[in-house]
Amino acid sequence: MGGLGLLFAAALAVADRKLRVEENPLIAQVSEVMPGANCGACGYAGCYDFAVQVVEGNAKCNGCPVGGQETADEVASLLGQESSSSARLVARILCRGGNKEAKQKEIPYAGPQSCSVQAIVSGGSKMCEYGCLGGGDCVEACRFNALFMGENGLPVVIEEFCTGCGLCAAACPRNIIEIHPTDREVFVFCRSHDGPKEASSFCSVACIGCGICARKSGGSITMVNNLPVIDQEKLDPAVIPFDKCRTGAIGYLPGRAPAATEPEEATVES
169 MGGLGLLFAA ALAVADRKLR VEENPLIAQV SEVMPGANCG ACGYAGCYDF
219 AVQVVEGNAK CNGCPVGGQE TADEVASLLG QESSSSARLV ARILCRGGNK
269 EAKQKEIPYA GPQSCSVQAI VSGGSKMCEY GCLGGGDCVE ACRFNALFMG
319 ENGLPVVIEE FCTGCGLCAA ACPRNIIEIH PTDREVFVFC RSHDGPKEAS
369 SFCSVACIGC GICARKSGGS ITMVNNLPVI DQEKLDPAVI PFDKCRTGAI
419 GYLPGRAPAA TEPEEATVES
């Protein structure tokens with residue numbers, strides 16, 4: 169039996185040498201400079217899989233949002249390529265309807281606080297069916313401590329910690345989180361598709377679908393189902409009458425506006 173075992177072992181050793189596929193050593197080198205988050209934000213299963221794909225030419229050197237430009241430069245250097253710069257990405261919360269602004273249901277939600285559960289069971293405690301549920305699924309999904317729940321029941325992004333990986337956006341059942349370049353400053357901070365009367369009665373900062381911003385945008389903003397949609401490539405903020413949006417549903421990120429103006433009353437169409 170011992171001799172038979174040795175024979176099988178020898179046969180397996182020979183087969184291993186014959187059938188072994190030698191791995192490109194660059195894969196290990198690229199894998200070593202990856203951040204090791206294995207978050208999948210690159211579109212692949214993890215850092216090692218990304219390393220395989222980038223070495224084989226199926227992924228770009230700057231395809232890791234977590235590693236950013238530094239990692240992209242290292243990968244490009246290992247592959248003997250010229251590094252291309254990419255804008256840093258960050259999560260943006262596109263809902264301002266917190267506990268103070270959003271009208272609550274007469275019978276509040278009393279189940280598990282997870283956003284995904286609230287969305288399935290009853291839609292949470294707010295009358296608005298499109299806004300933040302406040303359960304913090306996005307905070308739980310973040311691996312970089314870049315999110316926390318604010319006092320008003322809305323998630324807050326710590327921009328310097330955010331890697332733009334998109335895990336928080338994927339965890340949000342209401343799709344109120346998007347990933348954008350840090351130099352992008354103007355957004356629609358509402359996701360409601362309700363009509364003007366319903367939207368304004370459900371939330372004091374909801375978009376009422378008046379369309380003033382779109383009419384003055386020069387084609388960079390279109391109204392889709394009562395909500396402005398911005399073409400960021402065409403947008404010229406200078407021509408948008410932000411001061412005429414009575415709820416502030418469209419505008420600059422906090423602290424980014426060139427000059428502060430008070431919003432004027434907009435007409436709510438029946």
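Counting the sequence shown from 1 gives a position; the numbering used here is that position plus 168.
Just so you know, even glycine gets a beta-carbon here, dropped at the ideal spot from N, CA and C.
The model shown is predicted, which means the values in this text are computed figures rather than measured ones.
Excluding sequence positions up to five away, which residues of its chain have a Cβ less than 7 Å from the Cβ of Ser282? Gly303, Asp305
Do Met202 and Gly236 have their C-beta atoms within less than 8 Å of each other? no
Count the other CB atoms within 10 Å of the CB of Thr429; is the residue buried (16 or more) or exposed (fewer)? Because the pLDDT at Thr429 is just 49, under 50, the model does not fix this residue reliably, and the value given afterwards should be weighed accordingly. Classification of Thr429: exposed, given that the 10 Å Cβ count is below 16.
Taking Leu247 as part of the alpha helix (DSSP H), name the residues at either end of that continuous run. 236-247
From what residue to what residue does the alpha helix (DSSP H) around Ile347 run? Premise fails: Ile347 lies in the beta strand (DSSP E), 345-349, not in any alpha helix (DSSP H).
Helix, strand or coil for Thr429? Go by DSSP, reduced to three states. Unreliable placement is indicated for Thr429, whose pLDDT of 49 sits below 50; the coordinate value is still reported in the next sentence. Three-state DSSP puts Thr429 in coil, outside helix and strand.
Would you mind reading off the limits of the alpha helix (DSSP H) that contains Asp356? The amino acid occupying residue 356 in the given sequence is Val; Asp does not appear at that position. Run containing Val356: none in the alpha helix (DSSP H); it sits in the beta strand (DSSP E), 354-356.
State the DSSP-derived secondary structure class of Ile380, mapped to helix, strand or coil. helix
Go ahead and label Asn343 buried or exposed: buried means 16 or more other beta carbons lie within 10 angstroms of its beta carbon, across all protein chains shown. exposed
In three-state terms, what does DSSP make of Lys228? coil
I need the DSSP call for Val223, collapsed to helix, strand or coil. helix
Report all residues from its chain with a CB closer than 6 Å to the CB of Cys300; omit the five preceding and five following residues, and keep chain order. Cys263, Leu322, Ile344
Assigned exposure category for Glu437 - 16 Cβ within 10 Å defines buried: Note that Glu437 scores a pLDDT of 48, beneath 50, so its modelled location is shaky; the value from the coordinates is reported in the next line. Glu437 should be labelled exposed.
Whose CA, out of Gln272, Ser245, Val223, lies closest to the CA of Pro193? Val223
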